[in-house]
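Once you know that position 418 of the sequence shown is 417 in numbering that gives the first Met the number 0, the rest is easy, because the numbers rise by one and skip nothing. First comes the structure, then the notes that go with it.
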Amino acid sequence: MKCYNKICILTYLYLIFVVQGFGQNGFRSGPEQGWGLGWNTTDYWSGTGFGSTFGKTYQNTAGSGNRYFRLYTDWSNQTREHGPTGSNDINIPFNTISTLETWSGSKAYYVNVGNTAYNYVFRSRNGDGITNTPSVIIIEVQGEIRNVSLVAQSPSPTGVTNSSAVTVNASVSGSLSAGQGIYLRYTTDNWTNSTILPMTGSGTSYMVNIPAQSSGTTVKYYIFTSGAGMTIAHNDADFVTINGNTNNGANYQYTVLGGSSAVTINPGFPNDAENVVVTFDATGTALADADKVYMHAGISATLSNPSLFQYTTGNWGQDDGIGEMTETSANIWTISLSSLRSYFNVSEADDIFGLNLLFRNANGTLKEDLSGANYFFSVDPGNYFVLTAPENEFSFLPVGQNMSLAATANAAPTTWTLKEIDPITNVDINTITTQSGGISFTYNLNVSALNLKKYKLTADFNGELKSKTFKIQGYNPVTEAARPSWTQPGINYHSNDPTKATLVLQAPVFTNYKKGTGIVSGTGTTTPKTVVYVLGDFNNWTPSEAYKMNRDRDGWDGMTDGDNDGDHGDYWWIELTNLTPGQEYVFQYLVDGSIQVADPYANKISDPDDGQIPNVVYPNLITYRPQADDRASVLQTNQPAFLWTAPEFDHVTDQKLQIYEMHFRDFTDEGTYLAAIQKLDYIKGLGINAIHVMPISEFEGNSSWGYNPNFYFAADKAYGTATDLKLFIDECHKRKMLVFNDLVLNHAFYSNVMARMYWNTADNKPASENPWFNPDHKMVADPGGWWGADWNHESEHTQKMVDRILDFWLQEFNFDGFRFDFTKGFGQTAPDSSDPWASSYDQDRIDLLLRMVNGMKSRNPGSVVIFEHLAWASEDKVLADQGILMWSGVGHHNALKAFILGYNGDNTNIYESGIYNTIGRNFNNPNWMSYGESHDEERLGYELMQFYNGVRNSSNMIDRLKIAYGFNLLMPGPRMLWEFGELGYDVSINFNGRTGEKPVHWDYYDDAKRRELHTLISKIFKIRNEQNIFATTPDYGNIGLGAGNIATPRVMRLSSGTGSSAAHVIAVANLDVNSSHTLSPGYDVTGTWYKYNGTPAVDGTSFVVNNVSDSYTLSPSEMLIFTNFPIDSCTDVRSNADSGNYTLRNAIACAPENGVVNIEYPVYGQTINLATPIHIDKNITILGFPSMQINISGASLNQSVFTIATGKTVTFNGISITCSQGNSDGRCLINDGHLTLDAVKFMDIYGSTTGSSVINQSAGTIQIKSNVITEK
């Protein structure tokens, strides 16, 4: 029944779209129709946001039938009503653009509506009814209307070549209802023209390929939904849009890389059965002129992410022929694949959607991977279907429950067939159901028993069969039981029984959010997990009731905390028994049958990338298990305890720290913990007293800076074993050097267990209920700072985990402190676009950081804290005044760069950025760590070689670097060098990509000019170590001069006190590249002064100051340090000669009673050949290096090399002694005193003769402390 004006209808439509603003088009219909405001009142529609279109959506709530309406237009006060002009009502077909008439009668338009769950989308355009005619389209959606959420593409926007089709994947907010379709619209001419492509897929995931475009083409695109199955023209796209994702109006876009792609495949769009030839042109890449080239490749069997590496083929770093290519002409390499399915050994159950490639040399040290994007090619999958429910291959449900099965194909098969098959043999057991063709399949399957059952769903595409299998296992109710009181989340070993381990997985159901002050700022709940199994080597990776974990709710019933301990569960736990002591077991937790995760607190991770780690780096590394998913954990009872051997030593104060920042990968050719140990004497010889190692906790991949962490309690295996790392730290401590770990607690990458356990798959981010992570980044508004998943530092669970991380590295590995990465992100303040990097003062953030730091220091007294914070100075000051050392960031680097490049117009003020107590900074203590380089800055040497205002060569570069470091390293507060900065490292930070492998240049030390810089820096550090030059307020002279003052030499003065008895240091430099200049350094006292600049001819030369106002003329680019004392003492051994200044013989003679002789690095690795024996007749200590790489040889002698007088106390530490050729006792040493040997090697080259190497006379005593070796 219908009516116009006063004649009513019996059924209604329910309006679900509320108009936010009035548009120019509207709707007239009587309320009795269930829509509209009346036949004489316009229900205005709002703009859709897509072009000049207007519309509204209505939901049917009252059954089927015809619904009537007219369109109303109101343009510039010109109104018209639009309806049929004839004698009949007119039906508007769905998904069809209809042109309306201007009404002059009593008739209306109508649509025929379906059931009450359907939605009707109205869209209109044009139509003032005077100069043009309005059009309308109506789309029937038979269910909920879905929105487009995540959009992603492969390859990435920076890696599209002219041979790359681009696969675009889109996620929607739920399975698309019938009638709603999803499309991609793209343009190559900025929307003058465009192409609309329907997307294919099922469930919430859809994809489409944009064809390859020519080099230089910019492609813009977005995703939208409209009616299903439509062919949409360019001019109609906006009109027919229901909703879409336009990247907030910016559209998605990429520009095709210029030039020819280095990689092509033939055919260009292969299917899984065709022969495929891959051609790689190495010209201009890191692999140009390589002797061998290997292809490292994988296919993606994941519709939603075709750039995934699955079924990866190739063994990184191994020259084993797998993936080896053939050079067909100069730098042109090819490989022929019989078919993608056979080459990659892809299961018949998987379809192939993408081919992904990169290339390497034989040992994997060089690669071409399109700057990290990898080479991607779309693959024709043919007919396929996606199993949307269950989502995982393995599902667990309580016995008696139904499993809802669902699948969707890209084309309707003839039939769908569901069978039960044998879980082991895959032989058919019985057919459960057969359904006739249709694009979708659904079925309810009852879980009737505990035993594992396997099923196979087959789609018959006219004789082409595609199948997928899945398993279902029933389970009995979970056992509720309290975990042992002594356990904590993670792997708990039984101290009295190495056959047992208790595993505890925390899955929080309630969270208190706390400010740093302890005040609770909010609470949250999390959906409880229903069942957890442990899978591993100990149970053949098979879930069973025996390995189903108990649940400890810890007194929480969902509303109250029954035991009132502030903990609310859940903890899933199990005691493993019958383990073999000392054996490693790989394992994971299977949570709700949908996700396998490692133990987040595990000390060792088993990773799919482990196969790329050479055995020499990590011997006998346990293999990654094929049953695992993503990262797995390793447990091992009865592990041998590490024996720490370094004695306790007095730590320097924070302000006297001289830090060497090191990245293990790029510090030695081997890139390992052990190889770095071999260089510790070099670092110590430089004067360093602390080493900051870049992140070593487990990170994604094997080659990284480490700022992509995923596991916080495991040392990354790419550098060696955890024992190797402990040995490195122990060896540092033997040399009285502290070691700081670099911790990344602002974010974790997506393979982190806490992120994966509560994940929003549709939007590819942490779920809103995640108890550890924010779903979106807080603090930072700039997407450039949205690294990984953002930890919620107000979560009580995050705070407990952070505290445990700090204690673990300080107590288990004996680290001495931490450098904390990007602490500016440790907060929950909403991002502010006007402060995109969250630099403004934030008290909540300060409180959170001080909670962490103060707790750590109370539990671990003496631990050192360094922040990369880089906030406003007012906030930096609060933290610095609490004892935290603050990184300076790029600001001081830029100032030093301007200081040394040699341009008069540059701002050469290094005072403001370098000094802790400037007016703008005003720290109470010198806790400002201003540096020339860290890992994050471009290398000063490179910048000089590129931009110096003079002749650009390594000699001039070193002279200018002397200026930079000569002033920077004499500033108060902790100082820092980036590895090889002391040798003028001049390879760009962007070589091989910013975080890519860099050349290792130990050969720089063999360059006499570069060694001058090393020497100067060691002299400066020696001053800082031995003289209290900051006892008085420094005179910063004119280092604050800005632009336009290059002709004025710079000067800075430091003193331990006043008068001639105090130590005085003056740094001077001529910044002028071309001219000499004279200055008055302002000597503190008259008399003898010494000068140093690292040059052998200059260092230690003296001159007389007759008047404190005496002048000095500096040559162009000359830098000098003046002292009123010799930096090197007569007890310093810097020469391998037998006698003379700075020789061992002279140093022993010069040393006072109870003095110390220091053998310094210039003698490292050398032999001191003695012409006559050395008799020691005083109490003395002779210090070399723990590696004993100093050889004192008496090979040419016929008597003992050393004799020690009666009653004298002598210590030898860190030396090797080559014995004489005599045949009597004591060829190496005759002791009549009290001798202590610590790290000493006796090499008795004539040990086959009679007599002994060492003889202890009747009055003598010998104490052996450690590592004393005699070789005969």
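Ideal Cβ positions, reconstructed from N, Cα and C, are used throughout, including at glycine.
Confirm, please, whether the CB-CB distance from Tyr454 to Tyr532 is below 9 Å.
Mapped onto the sequence shown, residue 532 falls at position 533. Mapped onto the sequence shown, residue 454 falls at position 455. No. Outside cutoff.
By the DSSP assignment, the alpha helix (DSSP H) with Arg844 in it spans what residues?
As a working mapping, residue 844 is identified with position 845 in the sequence shown. Segment Gln842 to Arg858, the alpha helix (DSSP H) holding Arg844.
Between Phe819 and the rest of its own chain, which residues show a CB-CB distance below 6 Å, the 5 nearest in sequence each way excluded?
Position 820 of the sequence shown holds residue 819. Only Leu742 and Phe866 meet the Cβ criterion.
Quick check on the DSSP output: what are the complete beta strand (DSSP E) runs of length 3 or more inside the segment 1002-1061, in order along the chain?
DSSP runs (the beta strand (DSSP E)) wholly in the segment 1002-1061: 1049-1054.
Shortest alpha-carbon distance to Asp1237 belongs to which of Asp905, Thr644, Ile1038 and Ser750?
The residue given as residue 1237 occupies position 1238 in the sequence shown. With distances taken between Cα atoms, Asp1237 lies closest to Thr644.
Three-state secondary structure (DSSP) at Tyr711?
As a first step, residue 711 must be located in the sequence shown, where it is residue number 712. DSSP places Tyr711 in coil when its eight states are reduced to three.
Select from Asp290, Ala747 and Gly554 the residue whose C-alpha is nearest the C-alpha of Asn362.
The residue labelled residue 362 in the question sits at position 363 within the sequence shown. The residue with the shortest Cα to Cα distance from Asn362 is Asp290.
Please work out which residues of its chain come closer than 7 Å, Cβ to Cβ, to Thr1208, disregarding the five sequence neighbours upstream and downstream, and give them in chain order.
Working through the sequence shown from its first residue, we reach residue 1208 at position 1209. So the qualifying residues of the chain are Asn1178, Gly1232 and His1233.
For Ser1257, which three-state DSSP category applies?
Position 1258 of the sequence shown, counted from the start, is the residue given in the question as residue 1257. Note: Ser1257 maps to coil in three-state DSSP.
Reducing DSSP to helix, strand and coil, say where Ser912 ends up.
To locate residue 912, count along the sequence shown from 1; it is residue 913. Of the three classes helix, strand and coil, the one that applies to Ser912 here is helix, per DSSP.
Looking at Ala780: is its Cβ nearer than 9 Å to the Cβ of Asp834?
The count along the sequence shown starts at 1 and reaches residue 780 at position 781. The count along the sequence shown starts at 1 and reaches residue 834 at position 835. Cβ distance < 9 Å, so Ala780 and Asp834 count as in contact.
What residues in its chain sit with their C-beta under 8 Å from that of Gly243, if we drop five residues either side in the sequence?
Numbered from 1 along the sequence shown, position 244 holds the residue referred to as residue 243. Hits under 8 Å: Phe49, Val147, Tyr221, Ile222, Phe223 and Thr224.
Nearest by alpha-carbon distance to Ile438: which of Asn409, Thr510 and Val877 is it?
Start at 1 with the first residue of the sequence shown, and residue 438 comes out as number 439. Out of Asn409, Thr510 and Val877, Asn409 has the C-alpha closest to the C-alpha of Ile438.
Should Phe537 go down as buried or exposed, given a rule of 16 or more other Cβ atoms within 10 Å for buried?
The residue labelled residue 537 in the question sits at position 538 within the sequence shown. Buried, since its Cβ has 16 or more Cβ neighbours within 10 Å.
Counting pairs of Cβ atoms below 8 Å between the segment 406-422 and the segment 441-458, do you hit three or more?
yes
Mind checking whether Val1156 and Leu1182 have CB atoms under 9 Å apart?
The residue you call residue 1156 lines up with position 1157 of the sequence shown. The residue you call residue 1182 lines up with position 1183 of the sequence shown. With contacts defined as CB atoms closer than 9 Å, Val1156 and Leu1182 qualify as a contacting pair.
Which word fits Phe1102, buried or exposed, when buried means at least 16 other C-beta atoms lie within 10 angstroms of its C-beta?
The residue given as residue 1102 occupies position 1103 in the sequence shown. So Phe1102 ends up on the exposed side.
Counting C-beta neighbours from all protein chains within 10 Å, is the total for Ile518 16 or more, i.e. buried, or is it exposed?
Here residue 518 corresponds to residue number 519 of the sequence shown, with the count starting at 1. Exposed is the call here.
Could you give the distance in angstroms between the alpha-carbon of Phe246 and the alpha-carbon of Asp551?
For this step, residue 246 is matched to residue 247 along the sequence shown. For this step, residue 551 is matched to residue 552 along the sequence shown. According to the sequence shown, residue 246 is Asn rather than Phe. Going from the Cα of Asn246 to the Cα of Asp551 covers about 44 Å.
Taking Gln595 as part of the beta strand (DSSP E), name the residues at either end of that continuous run.
Against the sequence shown, residue 595 aligns to sequence position 596. Where Gln595 is concerned, the enclosing beta strand (DSSP E) stretches over Ile594 to Val596.
In three-state DSSP terms, what is Ala872?
By one-based count along the sequence shown, residue 872 stands at place 873. In the structure shown, Ala872 sits in a helix (DSSP, three-state: H, G or I).
Could you tell me the distance, in whole angstroms, from the CA atom of Asn740 to the CA atom of Ile695?
For the purposes of this step, residue 740 is identified with residue 741 of the sequence shown, where counting begins at 1. For the purposes of this step, residue 695 is identified with residue 696 of the sequence shown, where counting begins at 1. Cα to Cα, Asn740 sits roughly 7 Å from Ile695.
On the CB-based measure, 16 or more other CB atoms within 10 Å of its CB, does Ala116 come out buried or exposed?
Taking the first residue of the sequence shown as 1, we reach residue 116 at position 117. Looking at its Cβ environment, which holds fewer than 16 other Cβ atoms inside 10 Å, Ala116 is exposed.
Going by Cα to Cα distance, which pick from Ser170, Gln252, Ala1170 and Tyr947 is closest to Asn189?
By one-based count along the sequence shown, residue 189 stands at place 190. Ranking the options by Cα distance to Asn189, first place goes to Gln252.
Going along the chain, which residues of its own chain have a beta-carbon closer than 6 Å to the beta-carbon of Ile1229, five neighbours each way excluded?
Translated into positions along the sequence shown, residue 1229 becomes position 1230. Ser1199, Thr1202 and Ile1254, listed in sequence order.
Assuming Ala1068 and Gly965 make a contact with CB atoms under 8 Å, what is their CB distance in whole Å?
One-based indexing of the sequence shown puts residue 1068 at position 1069. One-based indexing of the sequence shown puts residue 965 at position 966. Yes, they are in contact, since the Cβ atoms of Ala1068 and Gly965 sit about 6 Å apart, within 8 Å.
Less than 8 Å between the CB atoms is what I'm expecting for Met661 and Ile621, so what's the real figure, rounded?
Numbered from its first residue, the sequence shown carries residue 661 at position 662. Numbered from its first residue, the sequence shown carries residue 621 at position 622. Contact doesn't hold; Cβ gap of about 28 Å is too wide.
By a C-beta neighbour count over all protein chains shown, 10 Å radius and 16 as the cutoff for buried, is Ile918 buried or exposed?
On the sequence shown, position 919 is the one that residue 918 refers to. So Ile918 counts as exposed.
Using C-beta distances below 8 Å, list every residue in its chain close to Ser593, excluding the 5 sequence neighbours before and after it, in chain order.
In the sequence shown, residue 593 corresponds to position 594, counting from 1. For Ser593, where only same-chain residues beyond five positions count, the Cβ hits under 8 Å are Glu390, Asn391 and Ser394.
Quick check: the Cα distance between Glu981 and Ser933, rounded to an integer number of angstroms?
By 1-based counting over the sequence shown, the position of residue 981 is 982. By 1-based counting over the sequence shown, the position of residue 933 is 934. Rounded to the nearest angstrom, the two C-alpha atoms are 12 Å apart.
What are the boundary residues of the beta strand (DSSP E) that includes Ser454?
By one-based count along the sequence shown, residue 454 stands at place 455. Note that residue 454 is Tyr in the sequence shown here, rather than Ser. Counting along the chain, the unbroken beta strand (DSSP E) around Tyr454 starts and ends at Lys452 to Phe460.
Measuring alpha carbon to alpha carbon, tell me which of Val262, Asp318, Phe376 and Ala388 ends up nearest Ile334.
Position 335 of the sequence shown, counting from 1, holds the residue named residue 334. Here the closest residue by C-alpha is Val262.
Taking just the CA atoms, how far does Phe817 sit from Pro305?
Here residue 305 is taken as the residue at index 306 of the sequence shown, counted from 1. Here residue 817 is taken as the residue at index 818 of the sequence shown, counted from 1. Whole-angstrom Cα-Cα distance: 39 Å.
Let's see if you can read the secondary structure: which residues bound the alpha helix (DSSP H) around Asp806?
Sequence index remark: in the sequence shown, residue 806 carries index 807 (1-based). That run of the alpha helix (DSSP H) goes Glu795 to Glu811.
Quick one: residues in its chain with C-beta nearer than 8 Å to the C-beta of Thr433, no 5 flanking neighbours on either side, listed in chain order?
As a working note, residue 433 is residue 434 in the sequence shown. Around Thr433: Thr414, Trp415, Thr416 and Leu417.
Could you pull out every residue in the same chain whose Cβ sits closer than 6 Å to the Cβ of Asn373, ignoring the five residues on either side in sequence?
Taking the first residue of the sequence shown as 1, we reach residue 373 at position 374. Excluding residues within five positions, the ones whose Cβ falls inside 6 Å are Asn355 and Leu357.
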